[in-house]
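In our numbering, the protein residues as written are 8 to 125.
Written out below as structure tokens is the structure these notes cover.
As structure tokens, then:
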């Protein structure tokens, strides 16, 4: 009986943590944050539907699905979109690493804020 209660508590905790997803006020498709080094465990994050923050693959899948492209063009569109998103991520990561601005002048996630004082 104790094992069942522990298992139920663990499942409840896991469900609660997944429901507390990160959100943003940015528009669908906007870059939200990029780590210093992109990896499978630490991807760049983008604004998805309803303010949900998602990884680049999730956003690509959503945009391709919403674009209602014929099946023959999906692979080409996905590759093209991936190349554009990777370029934007690379520029953001470079800007974050090369910027001489202090940490106080950076926005959430370390991104350079256009409104920050010099």
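Glycine is no exception: its CB is placed at the ideal position from the N, C-alpha and C atoms.
Next on the checklist: In this structure, how does DSSP classify residue 28 when only helix, strand and coil are distinguished?
Outcome noted: Here DSSP, grouped into helix, strand and coil, assigns residue 28 to coil.
Next on the checklist: So, under 8 Å CB-CB, residue 31 and residue 54 are touching, yes? Tell me the CB distance rounded to an integer number of Å.
Outcome noted: Confirmed, about 5 Å.
Next on the checklist: Determine, for residue 48, whether the minimum Cβ-Cβ distance to residues of chain E falls below 8 Å.
Outcome noted: No chain E appears in the structure shown, which is made up of a single protein chain.
Checklist entry - How would you call residue 39, buried or exposed, if buried means at least 16 neighbouring beta carbons within 10 angstroms? => result Flag for residue 39 reads buried.
Checklist entry - Is DSSP giving residue 75 helix, strand or coil here? => result Assigned with DSSP and collapsed to three states, residue 75 falls in coil, not helix or strand.
Item to check | Bounding residues of the beta strand (DSSP E) (the contiguous stretch that carries residue 54) | outcome: Element bounds for residue 54: 52 to 54.
Checklist entry - Taking just the CA atoms, how far does residue 91 sit from residue 100? => result Just so you know, the alpha carbons of residue 100 and residue 91 end up roughly 14 Å apart.
Checklist entry - How would you call residue 63, buried or exposed, if buried means at least 16 neighbouring beta carbons within 10 angstroms? => result So residue 63 counts as buried.
Checklist entry - Hey, residue 88 and residue 67: beta-carbon distance below 8 Å or not? => result Remark: C-beta atoms of residue 88 and residue 67 approach each other more closely than 8 Å.
Next on the checklist: Just to confirm before moving on: does the CB-CB distance between residue 59 and residue 28 stay below 8 Å?
Outcome noted: When the beta-carbon positions are compared, residue 59 and residue 28 come within less than 8 Å of each other.
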